[in-house]
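One structure is given below, encoded as structure tokens.
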Amino acid sequence: NLVRSSRGAAAAALAYTPEQLPVLKQAGVVDSGGTGLLLLLDAFTHVVTGDPLPIAPELDTIEVHAQEPSKEHGEGGIADLRYEVMYLLDADDSKMSAFREVWAGIGDSIVIVGGEGLYNCHIHTDNIGAAIEAALDAGRPRQIRITDLLDEVVEEKWVREGRAEHEDDVSDEPAPPTAIVAVVVGEGVARIFRSLGVRTLVKGGQSMNPSTAELVEAAKSTGSTEVVILPNNKNIRPVAEQVGALVDFPVTVVPTNSIVEGFAALIAYDPSASAAENAKEMSEAASRVIAAEITQAVRDTTTDAGEVHVGDWIGLTGKGVISIAESVSSAANRLFEKLMTPEHELITIIEGEGATQANTRRITEFLHEKYPDVEVETHPGGQPLYPYLFGIE
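So in the numbering used here, spot 226 of the sequence shown is number 288, and the numbers just go up one at a time.
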């Protein structure tokens, strides 16, 4: 009874999360972490009580459908399929059988979770169009996310190579008294961080947080007596802050929320100073930067900057959406118009996946014309999801 009551209370609490966080209510979703916890409680209840999955009939039913790999794709599994497609699907339950049949013919690693008109869908496929068209035939997809799995493999390769290179450096040169561990993604970003003195790189970023164990291993691998961690993402900061309690040497965390804040922090890095001294100076340096980014909207929503529609390009800062436009360059230029002040002297542009020479030229030409006294630096970053990252100092 205790287990069942706990699960029921969790489901009720999850349903109430949009009332607690306005951003969830605007987006029409519930808390994702709470959803994961509810799934865990479903499994726990099943194991402890023997009740079939799902339980709690007074609440929405949750069904999990995991299908075998499609025989059309041979025995190669994920390695043979390039793209991961995920989305939420609003659809009548009666349409889901046909939906599953379509997906079974176009991909592997199929997971469909949900019920009562809302499903969370995941597939690995080579046919992105068919994966999304199936959703349009069944209902209305939203929060569509597409990941190039080949890029993920390439990124994993450069991280391994980077660690191998680092191990060679450690064996040849004495470790500094205080070393830097930085969480990064993108080959260009990694190269810049290495050039600024980072000793160990850990792959991670938006939607791919490293574990505490990975950060502990990275800190130990430096060979230094003290370590400073740059999480470079607000979701990774809580993970990084646990490392100090798990090692027997001083570890401090500089609360960087973005790659450009990490860049700025490294300018103040002194390998001969203590971790605490470095953290103080590096935190101050990072705080002087306005970090912004451009990405594409994957769902309709309402923001302080106006209505956002699927496919719009949006300019973001830590405070939320700042600009909305139909093109990348327009979103970037409007972003600068709202953020720039006469005191600013330097703009750093980090080009990610999806950046083009034409868009970069449009942005830099606008900046040179609008702010002729401001220095503009452009670096290839290779980060996913965000074609442009900006730092304003």
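Ideal placement from N, C-alpha and C gives every residue a C-beta, glycine not left out. The structure displayed is predicted, hence computed values, not measured ones.
A direct Cα-Cα distance of roughly 53 Å separates G167 from K432. A distance of 8 Å or more separates the beta carbons of S283 and T240. Under DSSP, the beta-bridge partners assigned to G177 are L180.
Separation of T403 and A417 (C-alpha to C-alpha, rounded to the nearest whole angstrom) is 26 Å. Assignment of beta-bridge partners to I242 by DSSP yields V290.
The beta-bridge partner set that DSSP reports for G201 consists of A153.
Taking 8 Å as the cut-off, the Cβ atoms of Y331 and I412 do not count as close. For the 8 Å CB-CB criterion, N294 and V245 form a contact. A straight-line Cα-Cα distance of about 27 Å links N297 and L408.
Taking M148 as the centre and dropping the five residues before and after it, the same chain places the C-beta of H184, R207 closer than 6 Å to its C-beta, in chain order. For R396, the closest alpha carbon among the candidates E355, A338, E146 is that of E355. In the three-state DSSP reduction, D332 falls in the coil class, being neither helix nor strand.
A residue is called buried when at least 16 other Cβ atoms come within 10 angstroms of its Cβ; L451 meets this threshold and is buried. For T364, the number of other beta carbons within 10 angstroms of its own is below 16, and it is reported as exposed. F311 is classed as exposed because its beta carbon has fewer than 16 other beta carbons within 10 Å across all chains shown. Of the residues assessed, F106 falls on the exposed side of the cut-off, its CB having fewer than 16 other CB atoms within 10 angstroms.
A direct Cα-Cα distance of roughly 27 Å separates D199 from L447. According to the DSSP assignment, F398 belongs to the alpha helix (DSSP H) that extends over 390-401.
According to DSSP, residue pairing for A354 in a beta bridge involves F452. According to the DSSP secondary-structure assignment, M148 is paired through a beta bridge with H184, R207. With contacts defined by Cβ atoms closer than 8 Å, F255 and G453 do not form a contacting pair. According to the DSSP secondary-structure assignment, L408 is paired through a beta bridge with E437. Counting every other CB atom within 10 Å of its CB across the protein chains shown gives Q419 a total below 16, marking it as exposed. Sixteen is the threshold: since fewer than 16 other Cβ atoms of the shown chains lie within 10 Å of the Cβ of S349, the residue is exposed.
Rounded to whole angstroms, the gap between the alpha carbons of R361 and H186 is 21 Å.
Here the stretch 376-390 does not lie against the stretch 333-351, with fewer than 3 beta-carbon pairs under 8 Å apart. Counting other Cβ atoms within 10 Å of its Cβ, V173 stays below 16 and is therefore classed as exposed. One thing to note: G96 has its Cβ no nearer than 8 Å to the Cβ of A71. When secondary structure is reduced to three states using DSSP, I168 falls in the coil class, being assigned neither helix nor strand. With a beta-carbon spacing of about 6 Å, I321 and V251 fall inside the 8 Å limit used to define contacts.
Taking the C-beta atoms as reference points, A359 is found nearer than 8 Å to V372.
Under the DSSP assignment, I384 falls outside any alpha helix (DSSP H), being part of the beta strand (DSSP E) whose first and last residues are 382-387.
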